[in-house]
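Student: I'd like to ask you about the structure that follows.
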Amino acid sequence: MSGKAEELRQRLIRNFNTVPTKHDLREPLYDALSARLAPGTAASKLGASIDIVAPGKITCPYHFHYAQEEMFVILEGDGTLRVAGKCCR
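For the record, in the sequence shown the residue sitting at position 29 is 29 according to the numbering used here, with numbers rising by one throughout.
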């Protein structure tokens, strides 16, 4: 692989198994292992992260965004999403 190709690979590809993680534990409700995926990439405006939430816990308080959209992809298990005061499973 050329030097330019390697530089682009490092700036464009993230493996979530190798990024730094942070354990956010705030008893009694919150317990999640989180990793931010965009820092260090060419994506200067992208917010992308992965959260591994402990069973029966939540990852963050109820909140909303004015200028940002969020997407949740569940890879294993299930969860509840609260939108506009209504819960969705």
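Idealized CB from N, CA, C, for every residue including glycine.
Would DSSP call LEU12 helix, strand or coil?
Tutor: What you label residue 12 is simply residue 12 of the sequence shown in a count that begins at 1. In the structure shown, LEU12 sits in a helix (DSSP, three-state: H, G or I).
Student: Using alpha carbons as the reference points, say which of HIS65, THR59, VAL83 lies closest to LEU33.
Tutor: Taking the first residue of the sequence shown as 1, we reach residue 33 at position 33. Comparing Cα positions, the closest option is THR59.
Student: Could you check the C-alpha separation between VAL19 and ALA42 for me, to the nearest Å?
Tutor: For this step, residue 19 is matched to residue 19 along the sequence shown. For this step, residue 42 is matched to residue 42 along the sequence shown. Their Cα atoms are separated by approximately 15 Å.
Student: Per DSSP, what kind of secondary structure is LYS45 in: helix, strand or coil?
Tutor: Residue numbering aside, residue 45 sits at position 45 when the sequence shown is read from its first letter. In this structure, LYS45 counts as coil in the three-state DSSP scheme.
Student: On a CA-only basis, which of ALA84, CYS88, GLU69 is nearest ASP78? Give me that one, please.
Tutor: Reading the sequence shown from its first residue, position 78 is the one you call residue 78. Of the candidates ALA84, CYS88, GLU69, the one whose C-alpha sits nearest the C-alpha of ASP78 is CYS88.
Student: Per the DSSP calculation, SER34 is bridged to which residue(s)?
Tutor: By one-based count along the sequence shown, residue 34 stands at place 34. According to DSSP, which records beta bridges pairwise, SER34 is partnered with LYS22, ASP51.
Student: Check whether the Cβ atoms of TYR62 and ARG82 lie closer than 8 Å to each other.
Tutor: Within the sequence shown, the letter at position 62 stands for residue 62. Within the sequence shown, the letter at position 82 stands for residue 82. Yes, the pair counts as a contact, with Cβ atoms nearer than the cut-off.
Student: On the DSSP bridge list, what partners appear for LYS86?
Tutor: Sequence index remark: in the sequence shown, residue 86 carries index 86 (1-based). Answer is VAL83.
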